[in-house]
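FYI, the numbering for the sequence shown is 0 to 401, going by numbering that gives the first Met the number 0. To start, the structure under review is shown below, and the notes come after it.
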Amino acid sequence: MDKIRMTTPLVEMDGDEMTRILWQYIKDELLLPYIDLKTEYYDLGLEHRNATDDQVTIDSANATKKYGVAVKCATITPNAARVKEYDLKEMWKSPNGTIRAILDGTVFRAPIIVKGIEPCVKNWKKPITIARHAYGDVYKNTEMKIDAPGKVELVYTKEDGTETRALVHNFTGAGVAQGLHNICSSIESFARSCFNYALDTKQTLWFATKDTISKKYDHTFKDIFQEIYDAEYAGRFEEAGIEYFYTLIDDAVARVMKSEGGYIWACKNYDGDVMSDMISSAFGSLAMMTSVLVSPDGYFEYEAAHGTVQRHYYKHLAGEETSTNSVATIFAWTGALRKRGELDGIKELSAFADTLEKATLKTIEDGKMTKDLALITTLKNVTVLNSLDFIKAIRETMEAMM
Ligand code: NAP
Ligand code: MG
């Protein structure tokens, strides 16, 4: 069989620990035998980030701007323990944060649905995709402890020196206060990324805040979404047969529970943080969550939502067998390959991505899976495979389907 040819390279961002091991298995078993794989390789493994003073992360993000599509392996975000473990020059920043800042993107997380792994919410039949605004609010707050009576005010000083003041609270005793902010350009980028991704995946978009209480702050989010939608997207949404609607966050939460899924739920920063954890655990497993960073200019970076699975990696290093789930990392590759196929007009490449996804799901539905899924499946008589054998089983299923 001839290998599928590619015309434009994918930006390949390699990573750390157990996911770096899976990365190579996936390429060797599931991609290289079938595709004349063209990638521009960036090693985001912690050693190489340290050796390049993290320049490699910046270069990989700029390459994503050049080519449009990237696929990323999970990477270590260093903390004090990692600085020691890897003898780092500095506590380098989170690569995801750096890439997100350069691409100005929004992260969309969606569960992979498979028979035998049932969501806790029994009416959820289709994935619920969470879009989290990744700038500001409580994540960039300024806090103060108040220990005695006194007045807390918000003071805005214009460049020309004019002041505007608003009373936060007249304290008669001890308390706490905090200041939050956001910026319109970031909210606009968030809105455009959401509208673009809704069109791209042909899914209806929901957006919800607490604008009834937060009449200026949250209301600004609501207004910006509506203005951009009306001016730039309404026609295209209608053509695509999808909807955009805004509702109060309380109403959204209630509707999510009663829905069957199949839409994108755009959330402010804090809501997205909390709700994505709820959605992913209710759908079954962090190892079955995909994640894609979408920029307002239409660049895409695909990855798994989980981390580097450090505990499994240390077992692997000790020569013990591991059973690490590679599904989300496989879907990062298929997402990127499908998008590359669409952009370059290579139908076989997109079709290959579809087949590999189907083969992955069929392998699980046939009862062959990794340990994390075996623990939660409703299927009977399942076979637990090790990390590599699971990938080989997918290859067998795919060969049979081809
Ligand atoms: P993690 O790698 O997601 O793993 C946490 C636990 O979840 C694992 O120990 C394992 O449970 C289970 N798990 C996660 N993915 C799995 C998979 N594919 N197959 C089977 N089980 C899986 O999170 P972490 O241990 O908190 O973080 C490890 C490193 O990853 C950290 O250095 C962190 O900075 C980094 N991280 C990177 C990203 C990213 O690049 N996007 C995201 C998050 C974290 P059991 O041990 O019980 O089997
Ligand atoms: Mg969280």
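Even for Gly, the Cβ is constructed at its ideal location relative to N, Cα and C.
Give every residue of the same chain whose Cβ lies closer than 7 angstroms to the Cβ of G306, excluding the five residues on either side of it in the sequence, and list them in chain order. Your numbering for residue 306 matches position 307 in the sequence shown. Its chain contains A73 as the residues whose beta carbon lies nearer than 7 angstroms to that of G306, once the 5 sequence neighbours on both sides are disregarded; these appear in chain order.
So G14 and K71 are in contact, right, with Cβ under 8 angstroms, and what is the actual spacing, rounded? Within the sequence shown, numbered from 1, the residue matching residue 14 stands at position 15. Within the sequence shown, numbered from 1, the residue matching residue 71 stands at position 72. So it is a contact: roughly 7 angstroms between Cβ atoms.
Give the C-beta separation of K370 and S322 to the nearest angstrom, bearing in mind that I take them to be a contact with Cβ-Cβ under 8 angstroms. As a first step, residue 370 is located in the sequence shown; it is residue number 371 there, counting from the start. As a first step, residue 322 is located in the sequence shown; it is residue number 323 there, counting from the start. 4 angstroms between Cβ atoms; contact.
Which residue wins for smallest C-alpha separation from S184, given the options S192, N122, I390? Residue 184 sits at position 185 when you count from the first residue of the sequence shown. The residue with the shortest Cα to Cα distance from S184 is S192.
Minimum length 3: unbroken beta strand (DSSP E) runs contained in the stretch 227 to 306: 243 to 247, 262 to 266, 288 to 293, 299 to 303
Could you check where the beta strand (DSSP E) with L204 kicks off and where it finishes? Against the sequence shown, residue 204 aligns to sequence position 205. Start and end: 203 to 208.
Check for me: the beta strand (DSSP E) holding D136 runs from which residue to which? Residue 136 sits at position 137 when you count from the first residue of the sequence shown. Premise fails: D136 is in no beta strand (DSSP E) and is neither H nor E.
Let me confirm a value: H132 is counted as buried when at least 16 other C-beta atoms fall within 10 Å, else exposed. Which label applies? Walking along the sequence shown from the start, residue 132 turns up at place 133. Per the 10 Å Cβ criterion, buried.
I'd like to know if the stretch 280 to 291 and the stretch 320 to 338 are in contact, where contact means that at least 3 CB-CB pairs between them fall below 8 angstroms. yes
Could you compute how far the alpha carbon of A62 sits from the alpha carbon of V10? Here residue 62 corresponds to residue number 63 of the sequence shown, with the count starting at 1. Here residue 10 corresponds to residue number 11 of the sequence shown, with the count starting at 1. Approximately 7 angstroms, taken between the alpha carbons.
Backbone CA spacing between A392 and G260 [nearest angstrom]: Within the sequence shown, residue 392 is the residue found at index 393, counting from 1. Within the sequence shown, residue 260 is the residue found at index 261, counting from 1. Each residue's Cα considered, the two are about 30 angstroms apart.
Do you know whose CA, among L36, L29, D27, lies nearest G340's CA? If you number the sequence shown from 1, residue 340 lands on position 341. Considering only alpha carbons, the answer is L36.
Report whether the distance from the Cβ of V106 to the nearest heavy atom of the ligand NAP is below 7 angstroms. As a working note, residue 106 is residue 107 in the sequence shown. Outside the cutoff, so no.
Check whether the Cβ of G366 sits closer than 7 angstroms to any heavy atom of the ligand PLP, and report yes or no. No copy of the ligand PLP appears in this structure; the ligands present are the ligand NAP and the ligand MG.
Compute the Euclidean distance between the alpha carbons of K257 and F299, then round it to the nearest angstrom. Locating residue 257 in the sequence shown gives position 258, where the first residue counts as 1. Locating residue 299 in the sequence shown gives position 300, where the first residue counts as 1. C-alpha separation (whole angstroms): 31 angstroms.
Taking only three categories from DSSP, how would you classify E398? If you number the sequence shown from 1, residue 398 lands on position 399. It is helical.
Considering Cα atoms alone, identify which of D222, Y269, H218, T203 is closest to G240. In the sequence shown, residue 240 corresponds to position 241, counting from 1. Of D222, Y269, H218, T203, the residue nearest in Cα terms is T203.
Start and end of the beta strand (DSSP E) containing T141? For the purposes of this step, residue 141 is identified with residue 142 of the sequence shown, where counting begins at 1. It spans 141 to 145 - the beta strand (DSSP E) in which T141 sits, taken as one unbroken run.
Given a cut-off of 8 angstroms on the beta-carbon distance, is the pair F389 and K357 in contact? Stepping through the sequence shown from its first residue, residue 389 is reached at position 390. Stepping through the sequence shown from its first residue, residue 357 is reached at position 358. With respect to the 8 angstroms criterion, F389 and K357 are not classified as neighbours on the basis of their beta carbons.
Alpha carbon to alpha carbon, what distance is there between K83 and D365? The residue you call residue 365 lines up with position 366 of the sequence shown. The residue you call residue 83 lines up with position 84 of the sequence shown. Spanning the two alpha carbons is a distance of roughly 44 angstroms.
For M12, report the span of its beta strand (DSSP E) as first-last. Counting from one through the sequence shown, the residue named residue 12 turns up at place 13. Counting along the chain, the beta strand (DSSP E) containing M12 begins and ends at 9 to 13.
State the Cα-Cα distance for the pair A304 and E158, rounded to the nearest angstrom. In the sequence shown, residue 304 corresponds to position 305, counting from 1. In the sequence shown, residue 158 corresponds to position 159, counting from 1. Cα-Cα distance, rounded: 42 angstroms.
When the Cα atoms are used, what is the spatial distance from V308 to T18? Looking up residue 308 in the sequence shown gives position 309. Looking up residue 18 in the sequence shown gives position 19. Their Cα atoms are separated by approximately 7 angstroms.
Mind checking T376: buried by the 16 CB within 10 Å criterion, or exposed? For the purposes of this step, residue 376 is identified with residue 377 of the sequence shown, where counting begins at 1. Buried: at least 16 other Cβ atoms inside 10 Å.
Assign R108 to buried or exposed, taking buried as 16 or more other Cβ atoms, counted over all protein chains shown, within 10 Å of its Cβ. Against the sequence shown, residue 108 aligns to sequence position 109. Buried.
Taking 8 angstroms as the threshold, find out whether the stretch 332 to 347 comes into contact with the stretch 146 to 163 through three or more Cβ pairs. Not touching, per the Cβ criterion.
With a threshold of 7 angstroms (Cβ to nearest heavy atom), would H180 be considered close to the ligand NAP? If you number the sequence shown from 1, residue 180 lands on position 181. Checking every heavy atom of the ligand NAP against the Cβ of H180, none is found closer than 7 angstroms.
Does the beta-carbon of N140 have 16 or more other beta-carbons within 10 angstroms, so that it is buried, or is it exposed? Taking the first residue of the sequence shown as position 1, residue 140 is located at position 141. Result: exposed.
Please find out if some non-hydrogen atom of the ligand NAP comes closer than 7 angstroms to the beta-carbon of E302. Residue mapping note: residue 302 aligns to position 303 of the sequence shown, counting from 1. Yes, the Cβ of E302 comes within 7 angstroms of a heavy atom of the ligand NAP.
Helix, strand or coil: how does DSSP classify Y196 here? Within the sequence shown, numbered from 1, the residue matching residue 196 stands at position 197. Helix.
Is any non-hydrogen atom of the ligand NAP found closer than 7 angstroms to the C-beta of A392, if you look at the structure I gave you? What you label residue 392 is simply residue 393 of the sequence shown in a count that begins at 1. A392: no, Cβ never under 7 angstroms from the ligand NAP.
Cβ neighbour criterion (16 or more within 10 Å) applied to H311: Position 312 of the sequence shown, counted from the first residue, corresponds to residue 311. Answer is buried; the Cβ neighbour count reaches 16.
Hey, out of N78, K125, I25, V55, whose CA is closest to S279's CA? Within the sequence shown, residue 279 is the residue found at index 280, counting from 1. S279 has its Cα closest to that of K125, out of N78, K125, I25, V55.
Helix, strand or coil at N78 [DSSP, three-state]: By 1-based counting over the sequence shown, the position of residue 78 is 79. Coil at N78, not helix or strand.
Note down, in chain order, each residue of its chain lying with its Cβ closer than 7 angstroms to the Cβ of L378, except the 5 sequence neighbours on either side. Indexing the sequence shown from 1 puts residue 378 at position 379. Closer than 7 angstroms at Cβ, skipping near neighbours: G115, G366.
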